[in-house]
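Here the structure is laid out as structure tokens; the discussion comes afterwards.
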Ligand SMILES: Cc1cc2nc3c(=O)[nH]c(=O)nc-3n(C[C@H](O)[C@H](O)[C@H](O)COP(=O)(O)OP(=O)(O)OC[C@H]3O[C@@H](n4cnc5c(N)ncnc54)[C@H](O)[C@@H]3O)c2cc1C
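Here is the structure:
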């Protein structure tokens, strides 16, 4: 490594909501931060783009109104037989924003606090170097004291924390989604969840301005069944919305299933967001956990106490994620979802989950 190579306090790999939030929080606290991402920004990310209100409470700034496609006040839950229950007391439950716009905005916020950002820069590997780490990327070598892995579900950084890191089809989720176009007069703006005939899985429909993001998701070992039910899910969506007959592009995506204990740190590395496995296994929502784990990581780095990071995250998230895991097992039960009272109870529960964990 050249002697004039810059030495950072913290290098962060992956500039999604987790990485950008960590960069911003650390730069705000006076740390010298480099944030890298392999993609060119703004980049898209397969996601429903639903930002629950509990995320907004974590941010100490407002998301610009021009980005907001919809405000969501209600949740509807559909049984296999297409019976619906709707809940919402008029309080804001969340907003929808396309991920390319949200993520670029969060990166800009980090840059605004003094973090350096380099896109089109892939993390390759690292080497221990004295008290710090040498980080090898597609744009050269950099040095840091601490590395944060926020590089998503198939994190490369994770392999340095957990040597056994392998894709486990029981602890990894799979989703198929697309955006459909709706008629300009369609005013259907609630967050819709669907019980689907695949174990541990659910379907969704999320308003995104003139489009609706729809999908089905469940554990990776149910991939074939999920692919098989997706066309039927689209048919159901046609019964609810006034849709335009435009061609659609279907995407598959992976996500971690939260609720399992994972190793998240060593002396110089922390994992946050999807890289740490923090996604609700029932609803697939992960932006809250990405932002919150990034904030906890930044606090622990500034306190020079990395070992407490894992304990704090587990204390805050694990009970919720574990409960959701159990609910995912129960929720797919066909009879259970057909009972109006139970469906209503669950619908209310989803509303509460959007407000707090
Ligand atoms: C279909 C689907 C729908 C979803 N809908 C919602 C929703 O509506 N609401 C919600 O809250 N959550 C949703 N989620 C979950 C949410 O998308 C994730 O939890 C969230 O994106 C996690 O943020 P992150 O910053 O941890 O990771 P990511 O957003 O995945 O960011 C990781 C970044 O790391 C970069 N990267 C990867 N490898 C490298 C490397 N080697 N070098 C450099 N950079 C690298 C990637 O380019 C990427 O930009 C959904 C997930 C899926 C799959």
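In our numbering, the protein residues as written are 10 to 366.
Built from N, CA and C at the ideal position, the CB exists for glycine as well.
Counted within 10 angstroms of its Cβ, other Cβ atoms place residue i as buried (16 or more) or exposed
i	result
residue 107	buried
residue 79	buried
residue 129	exposed
residue 350	exposed
residue 302	buried
residue 188	buried
residue 256	exposed
residue 228	buried
residue 14	exposed
residue 126	buried
residue 175	exposed
residue 239	buried
residue 355	buried
CA-to-CA distance, residue j to residue i, given in whole angstroms
i	j	result
residue 166	residue 134	8 Å
residue 338	residue 225	16 Å
residue 150	residue 160	18 Å
residue 429	residue 205	Past the edges of the chain, shown from 10 to 366, lies residue 429, and the structure says nothing about it.
residue 260	residue 55	7 Å
residue 38	residue 68	15 Å
residue 319	residue 327	11 Å
residue 170	residue 52	27 Å
residue 120	residue 283	22 Å
residue 288	residue 180	11 Å
residue 115	residue 101	22 Å
residue 186	residue 293	12 Å
residue 192	residue 254	10 Å
residue 222	residue 57	6 Å
residue 110	residue 76	7 Å
residue 153	residue 140	9 Å
residue 321	residue 89	38 Å
residue 64	residue 304	12 Å
residue 20	residue 42	6 Å
residue 70	residue 30	12 Å
residue 214	residue 163	26 Å
residue 308	residue 60	23 Å
residue 50	residue 44	12 Å
residue 346	residue 203	10 Å
residue 243	residue 47	33 Å
residue 209	residue 33	36 Å
residue 173	residue 281	18 Å
residue 297	residue 353	24 Å
residue 264	residue 184	8 Å
residue 91	residue 248	10 Å
residue 217	residue 272	36 Å
Alpha helix (DSSP H) segment containing residue i, residue limits
i	result
residue 89	Neither: residue 89 is in no alpha helix (DSSP H) and is coded neither H nor E.
residue 240	232–249
residue 359	349–364
residue 117	108–121
residue 309	296–311
residue 369	Given that the chain is displayed from residue 10 to residue 366, the structure contains no residue 369 and the question cannot be resolved.
residue 66	62–67
Cβ distance (whole Å) where residue i is taken to contact residue j below 8 Å
i	j	result
residue 199	residue 95	7 Å
residue 290	residue 212	Actually they are not in contact, since the Cβ atoms of residue 290 and residue 212 sit about 15 Å apart, beyond 8 Å.
residue 195	residue 250	5 Å
residue 27	residue 237	About 33 Å separates the two Cβ atoms, so there is no contact after all.
residue 268	residue 333	6 Å
residue 87	residue 201	7 Å
residue 364	residue 62	6 Å
residue 155	residue 310	6 Å
residue 122	residue 36	4 Å
In DSSP terms, what residue i is bridged to
i	result
residue 217	220
residue 85	95 and 201
residue 381	Any answer about residue 381 is impossible in this case: the structure gives the chain only from 10 up to 366.
residue 20	43 and 156
residue 323	According to DSSP, which records beta bridges pairwise, residue 323 is partnered with nothing at all.
residue 227	183
residue 134	145
residue 189	221
residue 126	44
residue 274	279
residue 291	Beta-bridge pairing links residue 291 to no other residue.
residue 79	105
residue 334	Partner(s): none; residue 334 has no beta bridge.
residue 212	203 and 225
residue 70	None, per the DSSP bridge assignment.
residue 252	191
First through last residue of the beta strand (DSSP E) which encompasses residue i
i	result
residue 5	Any question about residue 5 goes unanswered here, given that the chain covers just 10 to 366.
residue 265	260–265
residue 105	103–105
Heavy atom of ligand 3 within 6 Å of residue i beta-carbon
i	result
residue 41	For the structure depicted, ligand 3 is absent and the ligand set comprises only ligand 1.
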